[in-house]
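Engineer:
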Amino acid sequence: MHKTTQKPTNRVIALIMPVIIMLLLITKTNAQSVTPWMTTGDQTKLIQQQTAVNFGTNSGTNPSTVTVNAGTTYQTMDGFGYTLTEGSCEVISGMAATQQNQLLNDLYNPTTGLNANVIRISIGASDLSSSSYSYNETSGDTNMNNFSLNGPDLTYLIPIIKKIQLINPNIKILATPWSPPRWMKTNNSWVGGNLQTQYYAAYAKYFVKYFDAMAAQGISIWGITPQNEPENPNNEPSMLMNSTEQKNFINQQLGPQMAAAGYGNIKIIAFDHNCDNTAYPIDVLNNSSYVDGAAFHLYLGNISAMSTVKTQTNKNVYFTEQYTGSGGNFSGDFGWHMQNVVIGSTTNWAKTVLEWNAANNSSLGPHTPGGCNSCLGAVTVTSSTTYTKNVAYYIIGQISKFVKPGALRIASSSTSGSILSVGFKNPDGSIALLVYNSGSSSNTIKVVSGSSAFDYAVPAGSAVTFNWSAGAPVAVTGVSVSPTTASVGVNSTQQLTATVAPSNATNQNVTWSSSNTAVATVNSSGLVTGVSAGTATITVTTQDGNKTATSAITVTIVAVTGVTVSPASASIFAGQTQQLTATVSPSNASNTNVTWSSSNTAVATVNSSGLVTGVAQGTATITATTVSGSKTATSSFTIQGQQPYGGTPASIPGIIQAENYDLGGQNVAYNDNETANQGGAYRTSEGVDVTGISGTSGYTVGWTANGEWLEYTANVTAGTYTIDATVSTINSGKQLRILLDGTVLTTVSVPNTGSWDTFQTVSIPNITFAGGNNKVLRFEIIGGDFNIDKIEVKSVAVVPVTSVAVSPTSASILVGNTTQLTATVSPTNATNKNVTWSSSNTSVATVNSSGLVSGVAAGSATITVTTADGAKTATSAITVTASSTGFPGYYNIISRNSNKGLDVADNSTSSGGRIQQYDITSGGGSNQRWKFVSDGSGNYYIIVKSTGMYLAVENNGTGDGLKVQQRTLAASNEFKWTVTDLGTGYYKIINLNSGKSLDVENVSTSNGANIQVWAYTGGLNQQWQFVQVESTAKKALVQTIPAEEENQNDMVIFVSSSNDYLKIDTNHKGNATVEIFSVEGISVLKKNMNFEGSQAEIEISRLPKGIYVVRVNDSTGTYTKKVLKQ
């Protein structure tokens, strides 16, 4: 009997088939293909396609999991790109046709290139133009009769844009002015200044003329920003424009003129500056219906500022500029921009991501004389037929090539802090996921989408963009709009909603248009704004299939019936401000504009936005008048003058607590760089930073910054007093200037007290005060970063000077050496012990204000000390002889044990910089070259060429193992060394103060080993060879740069804590030239300035890190200073 297999019945087949189909579907889903594209920090892969991977079943766990959810969406992307500067076009225009076409396709072709689809251009010149220019330099031509694009734009920019339009017809153009015509500005200059209010209308017409002229060339403008970097007055060209000026210009002229001319569809995007200021864009966006959103750069602040503005305004945000510099490196720049610009801005709602310059030549040009000279383009054109791609090319390309215009950002999250991600859903339904590994090692991540996942190894410092399709697209079959009819008032709005059918259509993007923009406009979200009485048809059109639906809009004029002002009354101090708000009735009135006026502008003024400013003590009535109907409402103001805190002036002599500064507010009773009290104590509603003193119930003023000041009203009894200032800081070189009624009394040098909570009292005797009531004492901060507890003014009995003596009464020094003279004033308790010093022959010997005599040339001179009180004198006879040394020029000092040389670690320029041993090649750097200067007594000063500082033992110590440093010279034997020939070609070097030998720590032979002093044992690590590398001791820098001048008390030069500005504190006034040199002696920046007796600054944010020499020339002479930019 045969066994047979029974055939399945139809019932069994029916049950099995769905399971088989489901398994097939699951298999198909799990096998969905993903294409990775990678750029690595080491540049081995540059937007390079990798082997495809497949989704599989999501199982197991991974600490680095990236989860994508296409069902959660955020902003719609407008695109990515660069600023196409006039300089870029000038460089590209010089290329041969074939290579030029290839370069433009590399950047802009949607299929074969990066698909950069947003280009930012300048209206007139930017700082990366060959020169500064505008389109109308005819002064007073408010009708723009002489407006013309003729010049660099018509020659270079416009032809290149037309070629780009052929490659990518959907290109978006964002236009931005760096400066209006000079004659419209307050300073009639390309650099800085403000737009004069009398030219608001003319400047708006300038924009409209620009739109007309570009349209005539076949170029449509997608959006504008009213001003590039409106808080930066230092670029060339540039202009200042605060938030009030910007919104007034937009609301009063630019917006209305654009709408009237038919350009209401062009986006007005406000701000266009750094992420450190959210108040500016929030103010403009919340107070202008014409503004679409705000643009940002990231040279200062945090990228999260974009989310702050988006949340508080519900308007769009755009990222429009970030540069890469010639001094950077690919890995570091690529990583920072990936994290902060590309992923950072898009995850903070940015609709565009733009890097700075598109192209430059081999000299990093063209640029204006004051423009950026270190800005690196996306490409560098090296000849008419060659170009190289720089880091910005790959920064943008890593996202623009895969994320299409109209893409929606979708939810993306990472469980690893070193893995950053952002995801997008393209209009065709495909997904693009960008992942960056900020870690120092490769990381195998898991990517999860729904129930599927795949693993992928992302190298350290590298970015990967993953692409996969979302299945077959679902076509659009129709669209409807709601409501289909509506009535709105002039300047009122109506939201329309489009519904695409079917609901699961893949591409649900739509566009909106108005049949009559003179009656009603509609934005990209379907928000209709009434412009003037009449009717208009609003049409919504689907991107897929061009399906349409309409809504009939009727715009009517709604009359004004009244107005109210809030608050109805207010009391402020002179210099303070108070914002008034006018509420027009009804709320949907067609014209809600009001004008503001003051009954007494000598007491209080009011601007066009209702911001009242106190001018002087008194009362004034502020009136709001509606433009339509002339309805009025008022607010009563009382302006208070500066007043003593507590109502009673302080008494001098007496104690003034720093926290009890006058009432009156910012710029009246005090000037503080911050609007909030950072200490959060005592007077918490004011801007001065007050905090408690540890362990006491008292307070101190802290967080001080250069240029801040405090004022105190006081009743003064005339007399000569001692000022005791109680202060603390962990810094050095800080000062507190004290003035009475504008006259400087004294400047207190604030000592380093070792701790913020450790206070020290500094006494300044013999300060003369003029008497009188209600006088104003001012404390001015110089340098900042110190605490002020109190100032005590104490009475002192005047003890006259009877005589003065000087020691020594005679001395002999070598040329180039110094000797310290000491003056002793009698009696010892004399009130005024100040003295001055002078030399009878400064060509032989000079003397400084501290009695330090310097030998200049062989000969003799008499040094005289004179008392300030009584003009008593004493003298010292100085003989100067020619110096000699057995060691002319500069030497490498080589350890016999390691064959490595003395080296200033990290090329430090600081006093106290560590000395180490290090390999020397070709004579070494200037931090490895040393000269020997005789002290005239058989000992030597050993001086490093790089800084001119002296070899010395730390802390003036005498023990074994103390480290050797470079130090600023002081009158001490720790700076002197005895050099003894060992007769073997080597020397021992003994510190005169300690008697210890120069020694390599732990007999090390390694680079970086410390140099110390130790009792001499004759070890090889204590024997030194001198290798002459220069026959004469030349200056440390090339001869075009003068040696650094010390003790320039009237000229303090330093780099700001943010490393973005060079600060110059000076009491000089008048014109000056400031030039910055690299350490190689190359001029990297030159500025003409006008000193006003206070702090000046130059932006250096785009200079690479490093040591620079600053040279200042003015009518008083030449000043130089080495500075470090970190």
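Numbering (numbering that gives the first Met the number 0), first residue to last: 0 to 1125. Every residue gets a Cβ at the ideal spot worked out from N, C-alpha and C, and that includes glycine. Just so it is clear, the structure is predicted and the values come from calculations on it, not from any experiment.
Tell me the DSSP secondary structure of Asp905 in three-state form.
Structural biologist: Here residue 905 refers to the residue found at position 906 when the sequence shown is read from its first residue. Correct three-state label for Asp905: helix.
Engineer: Measure the C-alpha to C-alpha separation of Glu673 and Lys314 and round it to an integer number of angstroms.
Structural biologist: On the sequence shown, residue 673 is found 674 positions in, with the first residue counted as 1. On the sequence shown, residue 314 is found 315 positions in, with the first residue counted as 1. Between the C-alpha atoms of Glu673 and Lys314 there is a straight-line separation of about 27 angstroms.
Engineer: Drop a sphere of 10 angstroms on the beta-carbon of Glu1098, count the other beta-carbons inside from all chains shown, and report buried for 16 or more, exposed for fewer.
Structural biologist: For the purposes of this step, residue 1098 is identified with residue 1099 of the sequence shown, where counting begins at 1. Under this definition Glu1098 is a buried residue.
Engineer: Tell me the DSSP bridge mates of Glu1074?
Structural biologist: Here residue 1074 is taken as the residue at index 1075 of the sequence shown, counted from 1. Paired residues: Lys1085 and Arg1110.
Engineer: Any idea what DSSP makes of His366, helix, strand or coil?
Structural biologist: Translated into the one-based positions of the sequence shown, residue 366 becomes position 367. DSSP places His366 outside both helix and strand once states are collapsed to three, so it counts as coil.
Engineer: Beta-carbon within less than 6 angstroms of Glu230's beta-carbon, same chain only, minus the 5 sequence neighbours each way: which residues are those?
Structural biologist: In the sequence shown, the residue the question calls residue 230 occupies position 231. Excluding residues up to 5 positions away in sequence, His272 lie with their Cβ nearer than 6 angstroms to the Cβ of Glu230 in the same chain.
Engineer: To the nearest angstrom, report how far apart Thr75 and Lys350 are at their CA atoms.
Structural biologist: Here residue 75 is taken as the residue at index 76 of the sequence shown, counted from 1. Here residue 350 is taken as the residue at index 351 of the sequence shown, counted from 1. The straight-line gap from Cα to Cα measures roughly 6 angstroms.
Engineer: Taking DSSP's pairing of strands, which residues face Ile537 in a bridge?
Structural biologist: Counting from one through the sequence shown, the residue named residue 537 turns up at place 538. Ser513 and Ser550.
Engineer: Rounding to the nearest angstrom, what Cα-Cα distance links Ile220 and Lys309 in this structure?
Structural biologist: Counted from its first residue, the sequence shown places residue 220 at position 221. Counted from its first residue, the sequence shown places residue 309 at position 310. Rounded to the nearest angstrom, the two C-alpha atoms are 24 angstroms apart.
Engineer: From Lys400 to Ser303, what does the alpha carbon distance come to, in whole angstroms?
Structural biologist: By 1-based counting over the sequence shown, the position of residue 400 is 401. By 1-based counting over the sequence shown, the position of residue 303 is 304. Their Cα atoms are separated by approximately 25 angstroms.
Engineer: Hey, how far is the Cα of Val554 from the Cα of Tyr199?
Structural biologist: Looking up residue 554 in the sequence shown gives position 555. Looking up residue 199 in the sequence shown gives position 200. So the alpha carbons of these two residues sit roughly 28 angstroms apart.
Engineer: At the level of alpha carbons, what is the spacing between Lys1086 and Gln1094?
Structural biologist: To locate residue 1086, count along the sequence shown from 1; it is residue 1087. To locate residue 1094, count along the sequence shown from 1; it is residue 1095. Roughly 15 angstroms between the two C-alpha positions.
Engineer: Please report how far the alpha carbon of Leu23 lies from the alpha carbon of Asn53, in whole angstroms.
Structural biologist: In the sequence shown, counting from the first residue as 1, residue 23 sits at position 24. In the sequence shown, counting from the first residue as 1, residue 53 sits at position 54. For Leu23, the pLDDT reaches just 40, beneath the cut-off of 50, and the residue's location in the model is therefore unreliable, although a value from the coordinates is still provided. The straight-line gap from Cα to Cα measures roughly 16 angstroms.
Engineer: Could you say which of Tyr435, Ala293, Asn372 and Asn145 lies nearest to Ile1075 if we only look at CA atoms?
Structural biologist: Here residue 1075 refers to the residue found at position 1076 of the sequence shown. The option with the nearest alpha carbon to Ile1075 is Asn372.
Engineer: When DSSP labels each residue in this structure, what does Tyr298 get in the three-state scheme?
Structural biologist: Reading the sequence shown from its first residue, position 299 is the one you call residue 298. Here Tyr298 carries a strand assignment [DSSP, helix/strand/coil].
Engineer: Pull up the distance between the alpha-carbon of Lys403 and that of Asp77, whole angstroms please.
Structural biologist: Position 404 of the sequence shown holds residue 403. Position 78 of the sequence shown holds residue 77. Our two residues, Lys403 and Asp77, have alpha carbons roughly 8 angstroms apart in a direct line.
Engineer: Which residues bound the beta strand (DSSP E) around Leu353?
Structural biologist: Along the sequence shown, read from residue 1 onward, the residue named residue 353 stands at position 354. Run containing Leu353: Ala349 to Asn356, per the beta strand (DSSP E) assignment.
Engineer: Pick helix, strand or coil for Val308, following the three-state DSSP scheme.
Structural biologist: Within the sequence shown, residue 308 is the residue found at index 309, counting from 1. Of the three classes helix, strand and coil, the one that applies to Val308 here is helix, per DSSP.
Engineer: With DSSP as the reference, identify every bridge partner of Leu1123, one or two as the case may be.
Structural biologist: Numbered from 1 along the sequence shown, position 1124 holds the residue referred to as residue 1123. Bridge partners of Leu1123: Ile1106.
Engineer: For Lys995 and Gln916, what's the separation of their Cα atoms in angstroms?
Structural biologist: Counting from one through the sequence shown, the residue named residue 995 turns up at place 996. Counting from one through the sequence shown, the residue named residue 916 turns up at place 917. Lys995 and Gln916: Cα-Cα distance of roughly 18 angstroms.
Engineer: Suppose the cutoff is 7 angstroms on Cβ atoms and the five residues either side in sequence are ignored; what does the same chain contact list for Pro1041 look like?
Structural biologist: Looking up residue 1041 in the sequence shown gives position 1042. At Pro1041, the pLDDT of 39 sits below 50, so the modelled position is not reliable; the number obtained from the coordinates is stated separately. Around Pro1041: Arg1110, Thr1117 and Thr1119.
Engineer: Is Gly460 buried or exposed, if buried means 16 or more other CB atoms sit within 10 Å of its CB?
Structural biologist: For the purposes of this step, residue 460 is taken as the residue at position 461 of the sequence shown. Classification of Gly460: buried, given that the 10 Å Cβ count is 16 or more.
Engineer: Measure the alpha-carbon distance for Gln641 versus Gly663 and round it to whole angstroms.
Structural biologist: Your numbering for residue 641 matches position 642 in the sequence shown. Your numbering for residue 663 matches position 664 in the sequence shown. Whole-angstrom Cα-Cα distance: 5 angstroms.
Engineer: Please work out which residues of its chain come closer than 7 angstroms, Cβ to Cβ, to Thr771, disregarding the five sequence neighbours upstream and downstream, and give them in chain order.
Structural biologist: On the sequence shown, residue 771 is found 772 positions in, with the first residue counted as 1. It should be pointed out that residue 771 corresponds to Gly in this sequence rather than to Thr. Around Gly771, the same chain offers Val715 as residues with beta carbons nearer than 7 angstroms, after the five sequence neighbours per side are excluded.
Engineer: Are Gln493 and Ile552 close, meaning C-beta to C-beta below 8 angstroms?
Structural biologist: Locating residue 493 in the sequence shown gives position 494, counting from the first residue. Locating residue 552 in the sequence shown gives position 553, counting from the first residue. Yes; because the gap between Cβ atoms is below 8 angstroms, this pair is in contact.
Engineer: At which residue ranges does the stretch 409 to 436 contain complete beta strand (DSSP E) runs of 3 or more residues, listed in the order of the chain?
Structural biologist: 418 to 424 and 430 to 436
Engineer: Out of curiosity, what's the CA-to-CA distance linking Phe79 and Ala406?
Structural biologist: Here residue 79 is taken as the residue at index 80 of the sequence shown, counted from 1. Here residue 406 is taken as the residue at index 407 of the sequence shown, counted from 1. The alpha-carbon atoms of Phe79 and Ala406 are separated by roughly 12 angstroms.
Engineer: Rounded to a whole number of angstroms, what is the C-alpha to C-alpha distance between Gly1105 and Lys1124?
Structural biologist: Position 1106 of the sequence shown, counting from 1, holds the residue named residue 1105. Position 1125 of the sequence shown, counting from 1, holds the residue named residue 1124. Their backbone Cα atoms lie some 5 angstroms apart in a straight line.
Engineer: Which residues in the same chain as Gln1024 place their Cβ atom closer than 7 angstroms to its Cβ, once the five residues preceding and following it in sequence are excluded?
Structural biologist: Here residue 1024 is taken as the residue at index 1025 of the sequence shown, counted from 1. Excluding residues within five positions, the ones whose Cβ falls inside 7 angstroms are Ile893, Arg895, Gly984 and Tyr985.
Engineer: Pick helix, strand or coil for Asn670, following the three-state DSSP scheme.
Structural biologist: Residue numbering aside, residue 670 sits at position 671 when the sequence shown is read from its first letter. Residue state, collapsed to three classes: strand.
Engineer: Enumerate in chain order the residues of its own chain whose CB-to-CB distance from Val799 is below 8 angstroms, with the five nearest sequence positions on each side excluded.
Structural biologist: The residue given as residue 799 occupies position 800 in the sequence shown. This sequence places Pro at residue 799; Val is not what is there. The answer, listed in chain order, is Ala829, Thr830, Asp868 and Gly869.
Engineer: Is it the case that the Cβ atoms of Asn234 and Trp182 are separated by a distance below 8 angstroms?
Structural biologist: The residue you call residue 234 lines up with position 235 of the sequence shown. The residue you call residue 182 lines up with position 183 of the sequence shown. No, these two residues do not count as a Cβ contact at 8 angstroms.
Engineer: Can you grab the Cα-Cα spacing for the pair Gly1133 / Asn990, in whole Å?
Structural biologist: An answer regarding residue 1133 cannot be provided, because it is not within the stretch 0 to 1125 covered by the chain.
Engineer: Are Val527 and Ala517 touching if we call contact CB-CB under 8 angstroms?
Structural biologist: Numbered from 1 along the sequence shown, position 528 holds the residue referred to as residue 527. Numbered from 1 along the sequence shown, position 518 holds the residue referred to as residue 517. Not closer than 8 angstroms, so no.
Engineer: Tell me, please, which residues DSSP counts as bridged to Gln677.
Structural biologist: Numbered from its first residue, the sequence shown carries residue 677 at position 678. Its beta-bridge partners do not exist; DSSP assigns none.
Engineer: I believe Ala822 touches Val834 by the beta-carbon criterion, under 8 angstroms. Please report the beta-carbon distance rounded to the nearest angstrom.
Structural biologist: Against the sequence shown, residue 822 aligns to sequence position 823. Against the sequence shown, residue 834 aligns to sequence position 835. The pair is a contact, with the Cβ atoms about 5 angstroms apart (cut-off 8 angstroms).
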